[in-house]
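Numbering (this note's numbering), first residue to last: 4 to 451. Ideal Cβ placement from N, Cα and C applies to all residues, glycine included. Here's the structure we're looking at; comments come further down.
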């Protein structure tokens, strides 16, 4: 009875363990889920978000620079020895004095620097937001590339498994013929060698699949990739007559969308307002100011020698005023001139950055278009090659089965078919990726 109890308890524990493992195993990830997760967890994206928040704070500071300031100062002093009394005589007394000072300053005209700094901050913020979008776009393309690499590896593994299954079946048939004396043992050894070679190819493809899974899991910043797997989508059918949008048309569209170009444009505009702000430092500045002062001394007495009350001192000691102040820059050791010259250099540098970003975009689009066309041509050619190799292999297999060709010729036909199938898959996924990239340049999200 006790043995039965322990056996049942063991089975229950095993079942619970399996259930928990199943719960810990994540489901298959779609491409969209991978992209969304990566954007939310990628470190570069998070850094971009912090940079954007930093620029928002700077813009807020530039706007509040137009507001008046208000500062308060308070002090408490202990005086010992000869001191000036309230009735303007010196006496040896110990006294305590409290002071309060309020002052404010209101900018009226600052050589348009405040407005130009606000404009600069607005374009800095826009540039930062485009840099953030670029980080998201980069991770999107990297995720899409890694995702397609996994799909490619999965199909290669499938092809390798099918090839090995055919070879193992052929080994069995060849073994029967060798046992019957219809074939020499050398034919069996050749087929077995072919099987060993295909097993190695299968292992290599399986290892590559694991590496590609690891690559995508690392892009997703996952803590573990052991149970990570992706969902196989329905891929679009590739047609030989497929037409692509020209690189020129894509470039025209991408100029208004691509974050790298837009960021360069905003940074150029920011530098132009920085130059205007630097020139504004040569203008006179006008500001209004106001102040309030009061104090209390515990030893102050009136002419009769009576101590002056706190409220009366506050009423008598207060001072207040306001006025206008103008600052005219005359000579500042060429500080303003240096800032203006450097701002001009920065404008020229940002113009070159914009020109370069546009050229890089054009080159990338032209390269993607060329690669897409080449992949389509390879795919079309490999389709024909696979069809021809399949027929050649079928013919070779029939002749091998009746002893008209040897195992070496049979293996050669089989290897040619396997290579053609591998080349076809590579061209297929290369074309899909390149066309998705071209669509992405046009503002179309990458989806499978």
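Cβ atoms of residue 120 and residue 65: under 8 Å apart, would you say? Contact flag set, yes.
Excluding the 5 residues flanking residue 347 on each side, which residues of the same chain have their C-beta closer than 8 Å to its C-beta? Around residue 347: 278.
Quick one: complete beta strand (DSSP E) runs, 3+ long, within the segment 32 to 79? Counting only runs of 3 or more, we get nothing.
Grab me the residues of residue 316's own chain with a C-beta within less than 8 Å of its C-beta, minus the 5 sequence neighbours each way, in chain order. If we look at residue 316 and ignore the five residues flanking it on each side, its Cβ neighbours are 298, 299, 300 and 303.
Considering Cα atoms alone, identify which of 63, 93, 102 and 95 is closest to residue 321. The shortest C-alpha separation from residue 321 is found at 102.
List in chain order: all unbroken alpha helix (DSSP H) runs of 4+ residues lying wholly within the segment 313 to 355. DSSP runs (the alpha helix (DSSP H)) wholly in the segment 313 to 355: 313 to 320.
Taking 6 Å as the limit between beta carbons, can you name the residues of its chain near residue 421, skipping five residues before and five after? By the criterion of a C-beta distance shorter than 6 Å, residue 421 is surrounded in its chain by 166, once the five residues flanking it on both sides are discounted.
By Cβ distance below 7 Å, which residues in the same chain neighbour residue 280 in space, the five residues on each side in sequence not counted? Excluding five sequence positions before and after residue 280, the CB atoms of its chain that fall closer than 7 Å to its own CB belong to 116, 119, 120 and 123, given in chain order.
Rounded to the nearest angstrom, what separates residue 230 and residue 450 at their Cα positions? Rounded to whole angstroms, the gap between the alpha carbons of residue 230 and residue 450 is 23 Å.
Whole angstroms is fine: what's the gap from residue 379's alpha carbon to residue 180's? So the alpha carbons of these two residues sit roughly 44 Å apart.
From residue 162 to residue 424, what distance separates their C-alpha atoms? One alpha carbon belongs to residue 162, the other to residue 424, and they sit about 8 Å apart.
Which residue marks the beginning of the alpha helix (DSSP H) containing residue 189, and which one marks its end? Per DSSP, residue 189 belongs to the alpha helix (DSSP H) from 188 to 222.
From the DSSP output, read off the bridge partner residues of residue 109. Residue 109 pairs with 291.
Would you check if the segment 424 to 436 and the segment 377 to 393 touch, i.e. whether three or more CB-CB distances between them fall below 8 Å? Segments in contact, yes.
Any chance the CB of residue 353 is under 7 Å from a heavy atom of the ligand ADP? Looking for the ligand ADP in the displayed structure turns up nothing, as the structure carries no ligands at all.
Relative to the C-alpha of residue 68, which candidate in 39, 136, 93 and 108 has its C-alpha closest? Measuring from the Cα of residue 68, the nearest candidate turns out to be 108.
Between the alpha carbons of residue 372 and residue 45, how many angstroms are there, rounded? Spanning the two alpha carbons is a distance of roughly 29 Å.
Would you give the residue range spanned by the alpha helix (DSSP H) that residue 286 belongs to? Run containing residue 286: none; DSSP gives neither H nor E here.
Answer yes if the segment 408 to 415 comes into contact with the segment 343 to 362, meaning at least three C-beta pairs across the two stretches below 8 Å, and no otherwise. No, they do not touch.
In its own chain, which residues sit with a C-beta less than 6 Å from the C-beta of residue 28, not counting the 5 before and 5 after it? For residue 28, the predicted structure reports a pLDDT of 40, less than 50, and the residue's modelled location is therefore unreliable. A value from the coordinates is still provided. In the same chain as residue 28, and ignoring 5 residues on each side of it, the C-beta atoms closer than 6 Å to its own belong to 230, in chain order.
When DSSP builds the beta bridges, which residues end up paired with residue 300? Looking at the DSSP assignment, residue 300 forms a beta bridge with 100.
The segment 126 to 135 contacting the segment 266 to 275, beta-carbon criterion three pairs below 8 Å: As far as the Cβ criterion goes, the segment 126 to 135 touches the segment 266 to 275, which means the pair count is three or higher.
In whole angstroms, what separates the C-alpha of residue 227 from that of residue 271? Approximately 43 Å, taken between the alpha carbons.
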